[in-house]
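Undergrad: In this note's numbering, the protein residues as written are 3 to 171. Cβ coordinates follow ideal geometry from the N, Cα and C atoms, glycine included. I have a structure I would like to understand better, so I am pasting it below and will then ask my questions one at a time.
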């Protein structure tokens with residue numbers, strides 16, 4: 003995640019790009035999330051910095067989509083790969099109502115704009131199935147795994163299929 007006070011700091015962005023280059027991390031292997039709950043401190047500079055990251059080949063995602071400032075405006079001005087639909091909307095999918103409608107609308111917005119959507123906070127197979135039905139391409143949450151340190155993540159990936167399910171059943 004990029005903090006709001008770093009997004010509009012071109013010096014920080016240049017150092018970030020150089021650090022990836024020095025460590026031979028291709029931009030296609032690194033994605034940056036802009037947290038929607040934080041305001042850009044200087045929209046013009048922040049937009050330029052985010053555009054620079056995208057021009058270098060890094061993926062840009064809007065995190066906590068629907069909970070923060072100017073989400074729809076950010077979709078218009080920022081070169082985002084996709085949105086991460088906030089857990090607060092995903093957790094209410096099974097019950098229907100407001101949260102479910104917001105998640106469905108966010109998924110439709112992503113489809114209309116030709117960007118991807120990630121459902122955050124998937125905890126049940128019911129939520130997973132509803133997200134699939136809504137056309138949400140990706141999901142993350144405790145249904146698949148708690149957060150893992152890097153050394154355990156590699157082993158986890160090797161032992162699971164593309165749906166995040168264990169190869170052992």
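1. In the DSSP assignment, find the beta strand (DSSP E) that holds residue 119 and state where it starts and stops.
2. Give the DSSP-derived three-state secondary structure of residue 56 in the structure shown.
3. Return the first residue and the last residue of the beta strand (DSSP E) that residue 61 is part of.
4. Does the CB of residue 99 have a neighbour CB from chain D at under 8 Å?
5. Does the Cβ of residue 121 have 16 or more other Cβ atoms within 10 Å, making it buried, or fewer, making it exposed?
6. Mark residue 93 as exposed unless 16 or more other C-beta atoms lie within 10 angstroms of its C-beta, in which case mark it buried.
7. By Cβ distance below 7 Å, which residues in the same chain neighbour residue 14 in space, the five residues on each side in sequence not counted?
8. Got a sec? Which residues, its chain only, sit under 8 Å from residue 150 by beta carbon, not counting five neighbours each side?
9. Based on the DSSP secondary-structure assignment, which residues constitute the bridge partners of residue 84?
10. Using only CA atoms, which one of 47, 95, 114, 105 lies nearest to residue 77?
11. Taking Cβ to Cβ, would you say residue 132 is nearer than 8 Å to residue 112?
12. At what residues does the alpha helix (DSSP H) containing residue 9 begin and finish?
13. Classify residue 125 as helix, strand or coil using the three-state DSSP reduction.
14. Using alpha carbons as the reference points, say which of 49, 35, 59 lies closest to residue 5.
15. If you draw a straight line from the C-alpha of residue 116 to the C-alpha of residue 47, how long is it?
16. Note down the Cα distance separating residue 18 from residue 141, rounded to an integer number of angstroms.
17. Please go through the same chain and pick out, in chain order, the residues whose beta-carbon is closer than 7 Å to the beta-carbon of residue 118, but skip the five residues on each side of it.
TA: With the given structure in hand:
1. Per DSSP, residue 119 belongs to the beta strand (DSSP E) from 118 to 122.
2. The answer is helix: DSSP assigns residue 56 an H, G or I state.
3. Here the beta strand (DSSP E) through residue 61 covers 61 to 67.
4. This model lacks chain D altogether; it includes just one protein chain.
5. Residue 121 is buried by the Cβ-count criterion.
6. With 16 or more other Cβ atoms within 10 Å, it is buried.
7. Here the set comprises 8.
8. Closer than 8 Å at the Cβ level, and outside the excluded window around residue 150, lie 158.
9. Residue pairing by DSSP puts residue 84 in a beta bridge opposite 63, 118.
10. Taking only the C-alpha atoms, the option nearest residue 77 is 114.
11. In this structure, residue 112 does not lie closer than 8 Å to residue 132 by Cβ.
12. Element bounds for residue 9: 6 to 9.
13. Coil.
14. It is 35 whose Cα lies nearest to the Cα of residue 5.
15. Approximately 26 Å, taken between the alpha carbons.
16. Our two residues, residue 18 and residue 141, have alpha carbons roughly 27 Å apart in a direct line.
17. Excluding residues within five positions, the ones whose Cβ falls inside 7 Å are 83, 84, 112, 139, 140.
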